[in-house]
Amino acid sequence: EGWAGHAAPAILASAMRGTSQVLARLATLAGPWTAFPIHTVEQQCWTMPEGVALIGDAAHAMTPFAAQGAAMGIEDAAMLASLVADFPADPRQSLGIWENLRRPRIEKVLRRGALNRLAWHAWGPVALARNLVLATRPAEKLAADLDWLYGWEERNVVGR
Numbered sequence: 001e002g003w004a005g006h007a008a009p010a011i012l013a014s015a016m017r018g019t020s021q022v023l024a025r026l027a028t029l030a031g032p033w034t035a036f037p038i039h040t041v042e043q044q045c046w047t048m049p050e051g052v053a054l055i056g057d058a059a060h061a062m063t064p065f066a067a068q069g070a071a072m073g074i075e076d077a078a079m080l081a082s083l084v085a086d087f088p089a090d091p092r093q094s095l096g097i098w099e100n101l102r103r104p105r106i107e108k109v110l111r112r113g114a115l116n117r118l119a120w121h122a123w124g125p126v127a128l129a130r131n132l133v134l135a136t137r138p139a140e141k142l143a144a145d146l147d148w149l150y151g152w153e154e155r156n157v158v159g160r
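To convert, note that position 55 of the sequence shown is 55 in this note's numbering; the numbers rise steadily by one, no gaps.
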């Protein structure tokens, strides 16, 4: 399996059955399209004793449903740089500390992506329940529920 594959138009047309007639018609007119597989990596060690650290998708590839893959790589780099600066004589000392500090956040973001996948791609009774919840929650509450995700600051974790 490569990073992209050709998908038959019938697959898209079948997925659009039961949607609006205009949308279903567009799907049949679209012609061939490209399918991109979505992969994650098993959560293992991101650091090696030789002083190597994997960051971003190399360490913890995630599905796109939380839209945080690139952000996690940037956060990884920022925190790692800060911690390496704390150990100028032997930067390798910072690697284990960094991984232990980052892992809980990464795991939480991965869980959020799984929840978003379920919510955004729900159908039937699950979609109905989702719609009822979203209709009754104030927008401010929905946004506040994501403060942990979008309001993250490295200094709050490292204590600077």
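Glycine is no exception: its CB is placed at the ideal position from the N, C-alpha and C atoms. Computed from a prediction, not measured in an experiment: that's the story for all the values here.
How would you label residue i, buried or exposed, when you count the other beta carbons within 10 angstroms and need 16 or more for buried?
i: SER20; result: exposed
i: MET48; result: exposed
i: GLU153; result: exposed
i: TRP98; result: buried
i: SER14; result: exposed
i: HIS60; result: buried
i: LEU83; result: buried
i: VAL109; result: buried
Report the residue from the options whose alpha carbon sits nearest the alpha carbon of residue i.
i: ASN100; options: LEU142, GLN43, LEU12 and ALA135; result: GLN43
i: THR34; options: LEU23, ILE11 and VAL22; result: ILE11
i: VAL158; options: PRO88, ALA89 and ASP76; result: ASP76
i: VAL41; options: ASN131, GLY18 and GLU107; result: GLU107
i: ARG155; options: ALA58, VAL52, ASP90 and ARG102; result: ARG102
i: MET16; options: THR28, GLU50, PHE36 and TRP148; result: THR28
i: PHE87; options: GLY73, GLU140 and GLY51; result: GLY51
i: ALA58; options: MET72, PRO125 and ALA67; result: MET72
Name the DSSP bridge partner or partners of residue i?
i: THR19; result: The partner list for THR19 (beta bridge, DSSP) is empty, contrary to what the question assumes.
i: ALA7; result: TRP33
Under the assumption that residue i contacts residue j (Cβ atoms under 8 Å), give the Cβ distance between them as a whole number of angstroms.
i: MET168; j: GLY69; result: The question about residue 168 has no answer, for the chain in this structure spans 1 to 160.
i: ALA53; j: LEU115; result: Not a contact, Cβ separation roughly 28 Å.
i: ALA24; j: PRO9; result: Wrong, their Cβ atoms sit about 12 Å apart, outside the cutoff.
- [ ] Return the chain-ordered ranges of every alpha helix (DSSP H) run that is complete within the region 41-113 and spans a minimum of 4 residues.
- [x] 57-60 and 69-85
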